[in-house]
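The listed protein sequences correspond, in order, to chains A and B.
So the first sequence is numbered by this note's numbering: it starts at 652 and just counts up by one.
So the second sequence is numbered by this note's numbering: it starts at 652 and just counts up by one.
2 protein chains.
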Amino acid sequence: MNIGTVARQSGVPSKTIRYYESVGLIDPADRSSAGYRVYGRHDVETLRFVQRARSLGFSVDEVGNLLALWRDRSRSSGEVKTLARHRVADIDRKMAELAEMRDTLLHLMEHCHGDERPDCPILQGLAGRTATEPTVLES
Amino acid sequence: MNIGTVARQSGVPSKTIRYYESVGLIDPADRSSAGYRVYGRHDVETLRFVQRARSLGFSVDEVGNLLALWRDRSRSSGEVKTLARHRVADIDRKMAELAEMRDTLLHLMEHCHGDERPDCPILQGLAGRTATEPTVLES
DNA sequence: GCTTGACCTTATAGTAACTAGAAGGTTCAT
DNA sequence: ATGAACCTTCTAGTTACTATAAGGTCAAGC
Numbered sequence: 652m653n654i655g656t657v658a659r660q661s662g663v664p665s666k667t668i669r670y671y672e673s674v675g676l677i678d679p680a681d682r683s684s685a686g687y688r689v690y691g692r693h694d695v696e697t698l699r700f701v702q703r704a705r706s707l708g709f710s711v712d713e714v715g716n717l718l719a720l721w722r723d724r725s726r727s728s729g730e731v732k733t734l735a736r737h738r739v740a741d742i743d744r745k746m747a748e749l750a751e752m753r754d755t756l757l758h759l760m761e762h763c764h765g766d767e768r769p770d771c772p773i774l775q776g777l778a779g780r781t782a783t784e785p786t787v788l789e790s
Numbered sequence: 652m653n654i655g656t657v658a659r660q661s662g663v664p665s666k667t668i669r670y671y672e673s674v675g676l677i678d679p680a681d682r683s684s685a686g687y688r689v690y691g692r693h694d695v696e697t698l699r700f701v702q703r704a705r706s707l708g709f710s711v712d713e714v715g716n717l718l719a720l721w722r723d724r725s726r727s728s729g730e731v732k733t734l735a736r737h738r739v740a741d742i743d744r745k746m747a748e749l750a751e752m753r754d755t756l757l758h759l760m761e762h763c764h765g766d767e768r769p770d771c772p773i774l775q776g777l778a779g780r781t782a783t784e785p786t787v788l789e790s
């Protein structure tokens, strides 16, 4: 299999596969006589694994760990669970942050008539109050 | 005021201020005879505005628009509200994505004993099953 | 007058995780 | 044998900074 084929079968673009190889996430592929990278069915699985882990927000580095754990079946499952727990904590942090942004924005928007009049409470909010304690603008 | 002073007063690091200038987000500062950047109180306000907008997740480019809108008081508030609405939509998208990651991860973790035993449902879930329906592996 | 330390300047490169493009070689079907 | 589709490497661009290097400036103290 050439790189394009694995790319199609795994869903990971060829450029990304080369990139993963270059940063050491996946092992360097064997080469054909012409220098083309050659892959087997197993590589498709690996790449799918990588893709799923990435889509769950694991960093490329973390995926590297996960991959090592996956390959070494004698390793404990505790390590993996810890990694997953960290990820969930990251997600929680990020979600809280986004929720706060959203609230602030909505709060600001509530008082904006959004028409042709030039004065805008959103801009005034950005100019004067902190994002974390959006002092009551109305009343 | 030198850059360090504005940095302290606005909360935006000097390096970041120079960066903002270099990418055209803020106007180039006047220079002292020695070539130092010189700022006034108004610049502190501008920088604070920028910082708040960035903390609400507006991109540097968007902050540029917001800044233009802020400076031009004759502009309608509708444009600003539209920008804010887009931001909220972005946030909603991102939150939904994170929520899905979180669910999948939690689902996978539920079946992981997390001890010394080597088999790990999380890895198996990443490897084979779609994240959303991780077939029961233990039992 | 001179040194010390804090401050300032520019330019370059590094971060994460790719993505795009250039310039060129290979394979295969017609 | 020619053209399309594929492959190769290398370089640079993306976002929003942050870090480092190498050097100039300023105010205070001795």
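Glycine included, C-beta positions come from ideal geometry on N, C-alpha and C.
- Per DSSP, B:E730 is one residue of the alpha helix (DSSP H) stretching across 728–761.
- C-alpha of A:G675 to C-alpha of B:V695: approximately 45 Å in a straight line.
- For A:L756, the C-beta contacts it makes with chain B under 7 Å involve L707, A735, R738, V739, in order along the chain.
- Contact check for B:A680 against B:Y690 passes: the beta carbons are separated by less than 9 Å.
- When the five nearest sequence neighbours on each side are left out, no beta carbon in the same chain lies closer than 6 Å to the beta carbon of B:D770.
- Classified as exposed, B:K666 has fewer than 16 neighbouring CB atoms from the shown chains inside 10 Å of its CB.
- Interface with chain B (9 Å Cβ-Cβ cutoff): A:G662 is excluded.
- Comparing alpha carbon positions, the residue from A:A719, A:L707, A:A747, A:T755 closest to B:L756 is A:L707.
- In the DSSP assignment, B:V674 falls outside any alpha helix (DSSP H), carrying neither H nor E.
- Within chain B, the residues A778 have their CB atoms less than 8 Å from the CB of A:E696, given in chain order.
- When DSSP states are grouped into helix, strand and coil, A:V663 belongs to the coil group.
- A:P664 counts as exposed, since fewer than 16 other C-beta atoms from the protein chains shown sit within 10 angstroms of its C-beta.
- Annotation: B:R726 to A:C763 spans about 13 Å, alpha carbon to alpha carbon.
- The residue among A:L720, A:M760, A:R688, A:G765 with its C-alpha nearest the C-alpha of A:L734 is A:L720.
- Boundaries for B:F709: no alpha helix (DSSP H) harbours it, and the DSSP string shows neither H nor E there.
- Non-local beta-carbon contacts of A:P772 in its own chain, meaning distances under 7 Å to residues more than five positions away in sequence, involve L759, H762, C763, L788 in chain order.
- Between B:L698 and B:Y671, the C-beta gap is smaller than 9 Å, which places the two residues in contact.
- For B:S728, the closest Cβ of chain A is nearer than 9 Å.
- A distance below 8 Å between beta-carbons, with the five flanking residues on each side excluded, links B:G715 to the following residues of its chain, in chain order: G675, L676.
- Per DSSP, the beta-bridge partners of B:R688 are B:R682.
- Rounded to whole angstroms, the separation of the alpha carbons of A:R682 and A:E748 is 46 Å.
- What A:H764 touches in chain B, judged by beta-carbon distance under 9 Å, is S728, G729, K732, going in chain order.
- Rounded to the nearest angstrom, the gap between the Cα atoms of A:S728 and B:L774 is 9 Å.
- Between the alpha carbons of A:I668 and A:L717 lies a gap of roughly 17 Å.
- At a Cβ-Cβ threshold of 9 Å, B:M652 and B:R692 count as neighbours.
- Taking the beta carbon of A:D770 as reference, the chain B residues within 7 Å of it are S728, listed in sequence order.
- For the set A:G765, A:E730, A:R659, the Cα lying nearest the Cα of B:E730 is the one of A:G765.
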